[in-house]
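S.K.:
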Amino acid sequence: MEVTVVGAGIIGLTTALTLEERGHSVRVVTAGFGDQTTSAVAGAVWFPYRAGPPAKVAVWAAHTRDWLEALARIDPAAGVDVLTGYEITDEDGSEIPWWAAAIEVVRAAAPVTGAPLAWRFTAPRAEPAKLLPYLAARLRAPIAVRSVIDLAAERGDVIVNCTGLASRELAADDSLYPLFGQIVIAERGTADLSITITDHRDPERFFYIIPRRDELVLGGCSLPYPPGAPPELNPGITARILDHARWLGLRIGAVRTERAGLRPYRLEVRLERDATNPRLIHNYGHGGAGFTLCRGCAEEVVALVDQI
Numbered sequence: 006m007e008v009t010v011v012g013a014g015i016i017g018l019t020t021a022l023t024l025e026e027r028g029h030s031v032r033v034v035t036a037g038f039g040d041q042t043t044s045a046v047a048g049a050v051w052f053p054y055r056a057g058p059p060a061k062v063a064v065w066a067a068h069t070r071d072w073l074e075a076l077a078r079i080d081p082a083a084g085v086d087v088l089t090g091y092e093i094t095d096e097d098g099s100e101i102p103w104w105a106a107a108i109e110v111v112r113a114a115a116p117v118t119g120a121p122l123a124w125r126f127t128a129p130r131a132e133p134a135k136l137l138p139y140l141a142a143r144l145r146a147p148i149a150v151r152s153v154i155d156l157a158a159e160r161g162d163v164i165v166n167c168t169g170l171a172s173r174e175l176a177a178d179d180s181l182y183p184l185f186g187q188i189v190i191a192e193r194g195t196a197d198l199s200i201t202i203t204d205h206r207d208p209e210r211f212f213y214i215i216p217r218r219d220e221l222v223l224g225g226c227s228l229p230y231p232p233g234a235p236p237e238l239n240p241g242i243t244a245r246i247l248d249h250a251r252w253l254g255l256r257i258g259a260v261r262t263e264r265a266g267l268r269p270y271r272l273e274v275r276l277e278r279d280a281t282n283p284r285l286i287h288n289y290g291h292g293g294a295g296f297t298l299c300r301g302c303a304e305e306v307v308a309l310v311d312q313i
């Protein structure tokens, strides 16, 4: 089967590579590549944040987690490491979180001040600057950098739409909209590089710290943003992130830079064959969970392609 994948963020690259592994002939077309993608700005730790539907997300996330952990074992050049994750919670712990339905989590003391309890789990973390080019280099498929105006006009037996926010126009989908995110990248200081912490007890002021191999990523926010407007850094959000880190007792180093991006959010990920065009399969709307869902979603795309 000849397949054209449109989009080369983490969703598009993983989908293309998975299709190739299953014997399909693939080409990739993208308007932006590398640092031009939303994926390049991601914290890229395994955690199914702002994505639905819950039952499917839990399965996709579990499959992706297995794949990322295998990459961490097989090749350090992929930029994936397995950390210990903590989700701070005020709940009594009688029920595990919905996102942990297919993985093992335990109640544990939170490794910070100002928060007594957390869910503890293993959490693969990718460095986008390493994993994205790693995946691209393993593709046999050529990557054509050009704008796509009409998905149906692309050649191939199947076209897979992995264009993220661009699907708002390309797929005429007004239910897809941008959520603004902002991160602070800091030097390590004395922070533990083996653990990642998420605190979203207050959804309006959630926080995370994600260690990379030589730096820290701190966030965050998830705010509705005007469609079509470029993301702009907000100094107030940076100040709030740094204050939250201090409140939790995290001793980070000097700030290196700040970055902002737009998550492609939809109440539910759209992963289906287009009702009006059976050649077209959609795979977009992963919100803040692209790196968490990419492989599981790619495997479902393969199943849809194999039905044709």
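Residues in the sequence shown are numbered from 6 upward in steps of one, following the working numbering.
Ideal placement from N, C-alpha and C gives every residue a C-beta, glycine not left out.
Terminal residues of the continuous beta strand (DSSP E) containing I214?
M.R.: Along the sequence shown, one-based indexing puts residue 214 at 209. Per DSSP, I214 belongs to the beta strand (DSSP E) from 212–216.
S.K.: Whole alpha helix (DSSP H) runs in the segment 164–247 with 4 or more residues, listed along the chain?
M.R.: Listed in chain order, the complete alpha helix (DSSP H) runs (minimum 4 residues) inside the segment 164–247 are 172–175.
S.K.: Within the continuous alpha helix (DSSP H) that includes V153, where are the two ends?
M.R.: Position 148 of the sequence shown, counted from the first residue, corresponds to residue 153. First-last for V153: undefined, no H or E at that position.
S.K.: Would A21 be called buried (16 or more neighbouring beta carbons within 10 Å of its own) or exposed?
M.R.: Sequence index remark: in the sequence shown, residue 21 carries index 16 (1-based). By the neighbour-count rule (16 or more Cβ atoms within 10 Å), A21 is buried.
S.K.: May I have the straight-line CA-CA distance separating D178 from A56, to the nearest angstrom?
M.R.: Here residue 178 refers to the residue found at position 173 of the sequence shown. Here residue 56 refers to the residue found at position 51 of the sequence shown. D178 and A56: Cα-Cα distance of roughly 17 Å.
S.K.: Given T9, which residues of its chain have a CB within under 8 Å of its CB, disregarding the five upstream and five downstream residues?
M.R.: Locating residue 9 in the sequence shown gives position 4, where the first residue counts as 1. Closer than 8 Å at Cβ, skipping near neighbours: V31, R32, V33, V34, E159, R160, G161, V163, I164, V165.
S.K.: Who does L285 pair with in a DSSP beta bridge?
M.R.: Start at 1 with the first residue of the sequence shown, and residue 285 comes out as number 280. Note: L285 sits in a beta bridge opposite I164.
S.K.: Using a threshold of 8 Å, state whether the C-beta atoms of A191 and R245 are closer than that.
M.R.: The residue you call residue 191 lines up with position 186 of the sequence shown. The residue you call residue 245 lines up with position 240 of the sequence shown. The answer is no: Cβ separation not under 8 Å.
S.K.: Of the choices A13, D71, P236, whose alpha-carbon is the least far from that of P133?
M.R.: For the purposes of this step, residue 133 is taken as residue 128 along the sequence shown, with counting starting at 1. Selected option, being the one with the closest Cα: A13.
S.K.: Can the beta-carbon of A234 be found closer than 8 Å to that of I214?
M.R.: Here residue 234 corresponds to residue number 229 of the sequence shown, with the count starting at 1. Here residue 214 corresponds to residue number 209 of the sequence shown, with the count starting at 1. Not in contact: A234 and I214 (Cβ atoms no closer than 8 Å).
S.K.: Does DSSP classify A265 as helix, strand or coil?
M.R.: On the sequence shown, residue 265 is found 260 positions in, with the first residue counted as 1. It is a strand residue.
S.K.: Could you say if the segment 74–88 and the segment 219–237 meet the contact criterion of at least three C-beta pairs nearer than 8 Å?
M.R.: No, the segment 74–88 is not in contact with the segment 219–237.
S.K.: Check whether the Cβ atoms of H68 and E304 lie closer than 8 Å to each other.
M.R.: Counted from its first residue, the sequence shown places residue 68 at position 63. Counted from its first residue, the sequence shown places residue 304 at position 299. Yes. Within cutoff.
S.K.: What's the gap between the Cα of G48 and the Cα of L267?
M.R.: The residue you call residue 48 lines up with position 43 of the sequence shown. The residue you call residue 267 lines up with position 262 of the sequence shown. Roughly 13 Å separates the two Cα atoms.
S.K.: By how many angstroms is the C-alpha of I313 removed from the C-alpha of G194?
M.R.: Within the sequence shown, the letter at position 189 stands for residue 194. Within the sequence shown, the letter at position 308 stands for residue 313. The alpha-carbon atoms of G194 and I313 are separated by roughly 53 Å.
S.K.: Based on the DSSP secondary-structure assignment, which residues constitute the bridge partners of T9?
M.R.: On the sequence shown, position 4 is the one that residue 9 refers to. R32, I164.
S.K.: Around the C-beta of S44, are 16 or more other C-beta atoms found within 10 angstroms, so that it is buried, or is it exposed?
M.R.: Numbered from its first residue, the sequence shown carries residue 44 at position 39. Classification for S44: buried.
S.K.: For a quick check, are the C-beta atoms of H287 and R271 less than 8 Å apart?
M.R.: Translated into positions along the sequence shown, residue 287 becomes position 282. Translated into positions along the sequence shown, residue 271 becomes position 266. Going by C-beta atoms, H287 is not nearer than 8 Å to R271.
S.K.: Secondary structure at C145, three-state DSSP: helix, strand or coil?
M.R.: Looking up residue 145 in the sequence shown gives position 140. It is Arg, not Cys, that sits at residue 145 in the sequence shown. Three-state result, R145: coil.
S.K.: Here's the rule: buried if 16 or more other CB atoms are within 10 angstroms of the residue's CB, otherwise exposed. What is V189?
M.R.: Locating residue 189 in the sequence shown gives position 184, counting from the first residue. Buried is the call here.
S.K.: Could you check whether the Cβ of F52 sits closer than 8 Å to any Cβ belonging to chain B?
M.R.: Given the protein chain composition of this structure (a single chain), no chain B is represented.
S.K.: On the DSSP bridge list, what partners appear for G254?
M.R.: The sequence position of residue 254 within the sequence shown is 249, counting from 1. In the DSSP output, where bridge partners are listed per residue, G254 has none listed.
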